[in-house]
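There are 2 protein chains.
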Amino acid sequence: MNRLPAHSDVFQAVAHPARRRILELLEAGELPVSGLARGFRGSAPALSQQLGVLKKARLVRERREGRQRIYRLTPGPLLELTNWVEVHKGFWSGKLEALGQYLRRKHG
Amino acid sequence: MNRLPAHSDVFQAVAHPARRRILELLEAGELPVSGLARGFRGSAPALSQQLGVLKKARLVRERREGRQRIYRLTPGPLLELTNWVEVHKGFWSGKLEALGQYLRRKHG
DNA sequence: TTGACAGTTAAGCTTTAGCTTAATAATATA
DNA sequence: TATATTATTAAGCTAAAGCTTAACTGTCAA
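Those protein sequence lines, which keep their order, are chains A and B. First residue of the first sequence: 5, per our numbering; consecutive thereafter. First residue of the second sequence: 5, per our numbering; consecutive thereafter.
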């Protein structure tokens with residue numbers, strides 16, 4: 005694309021590790037961009053653009069304070085994700101054989 | 005791309021509604037592609053390619069039977085997703101104000 | 001008022017996603 | 001053997017994701 009990504013979808017928003025990281029950082033409380041930047045590998049524009057995606061998905065809100073912009077988590081839309089997981093988790097964990105195989109392979 | 009998508013990442017795999025749909029269909033039990041096709045809007049190659057992505061993410065396994073290919077759910081890798089949700093849900097639901105706002109806005 | 005600071009926006013570029021149509025592979029059946 | 005069935009692979013395309021560098025905006029401070 006040439007503009008900011010268009011997706012306002014939570015699943016999409018959460019698909020990128022950098023964005024998950026940002027959400028995690030904001031769990032401890034609101035932060036200015038400079039604060040987020042300390043936990044973020046990448047340029048300032050890249051961070052700003054990822055924040056743009058999260059804003060579009062309504063997962064964060066921005067407030068201006070002096071020359072800083074303070075971001076805070078607005079986790080409402082995550083309900084769509086948690087709900088999907090809740091609804092289907094039962095089925096998945098019911099499939100114990102496959103799950104067990106996975107765990108053995110992964111953790112020995 | 006020119007080849008199949010490269011991501012073997014669960015968050016990424018689950019980001020596309022068609023792929024979530026496929027996982028949901030397979031919750032009821034294994035299915036041949038023709039069975040999946042009935043719950044899938046899109047061409048046969050598109051379906052096959054989405055199945056390829058899920059296979060790469062190890063979320064499904066394929067077995068041949070006559071001229072059919074039977075797919076079944078192997079939900080192990082979904083642990084990464086459910087785990088992330090579990091770990092962070094506490095923080096999110098702690099933010100009751102924002103959550104409440106979201107619910108009011110969404111459901112009146 | 002000039003300059004530094006905090007951050008975003010613009011523009012351009014490369015890579016990936018996801019579709020399409022056409023071709024291919026493998027099995028079953030007449 | 002020829003043909004239909006079931007599905008994948010190939011090739012090509014469009015659009016979106018995500019980065020980069022450069023330019024810009026708004027605020028503060030000397």
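Cβ coordinates follow ideal geometry from the N, Cα and C atoms, glycine included.
Name the one or two DSSP bridge partners that residue i has.
| i | result |
| --- | --- |
| A:L27 | A:L27 is not bridged to any residue. |
| A:L77 | A:V64 |
| A:Q72 | A:E69 |
| B:L35 | B:Y75 |
For residue i, which residues of its own chain have a beta-carbon under 6 Å away from its beta-carbon, when the five flanking residues on both sides are left out?
| i | result |
| --- | --- |
| A:F15 | none |
| B:G43 | L29 |
| B:A22 | Q54 |
For residue i, I'd like the list of residues in its chain whose CB is within less than 8 Å of its CB, leaving aside the five on either flank, ordered along the chain.
| i | result |
| --- | --- |
| A:R62 | S12, T78, G80, P81 |
| B:I74 | E34, L35, P36, E66, R67, R68 |
What is the rounded straight-line gap between the Cα of residue i and the Cα of residue j?
| i | j | result |
| --- | --- | --- |
| A:R25 | A:L85 | 16 Å |
| B:R7 | B:R45 | At B:R7 the pLDDT is 38, less than 50, meaning the model places this residue with poor confidence; the figure from the coordinates comes in the next sentence. Rounded to whole angstroms, B:R7 to B:R45 spans 22 Å at the Cα level. |
| A:A19 | B:R71 | 35 Å |
| B:S38 | A:V89 | 26 Å |
| B:K60 | B:A17 | 9 Å |
| A:L51 | A:L58 | 11 Å |
| A:P49 | A:N87 | 33 Å |
| A:L40 | B:V91 | 20 Å |
| A:E31 | A:V64 | 11 Å |
| A:G94 | B:S47 | 30 Å |
| B:L27 | B:L83 | 14 Å |
Does chain B have any CB closer than 8 Å to the CB of residue i?
| i | result |
| --- | --- |
| A:E28 | yes |
| A:M5 | Because A:M5 carries a pLDDT of 35, less than 50, the predicted location of this residue cannot be relied on, and the following value inherits that uncertainty. No, A:M5 does not count as interfacial toward chain B. |
| A:F95 | yes |
So is residue i in contact with chain A if we call contact Cβ pairs under 8 Å?
| i | result |
| --- | --- |
| B:Q16 | yes |
| B:L58 | no |
| B:L82 | yes |
| B:A19 | yes |
| B:R36 | The residue asked about is misnamed: residue 36 of chain B is Pro in this sequence, not Arg. No, B:P36 lies away from the interface with chain A (no Cβ there is under 8 Å from its Cβ). |
Anything in chain A within Cβ reach of residue i, meaning under 7 Å, just list it in chain order.
| i | result |
| --- | --- |
| B:E31 | H92, F95 |
| B:V89 | L85, T86, V89 |
What residues of chain A sit near residue i, judged by a beta carbon separation below 8 Å?
| i | result |
| --- | --- |
| B:P49 | Within 8 Å Cβ-Cβ: nothing; B:P49 doesn't reach chain A, min ~23 Å. |
Quick one: what's got a C-beta closer than 7 Å to residue i's C-beta in the same chain, skipping five residues either side?
| i | result |
| --- | --- |
| A:R1 | This structure does not reach residue 1 of chain A, given that chain A is present from 5 up to 112, and the question cannot be answered. |
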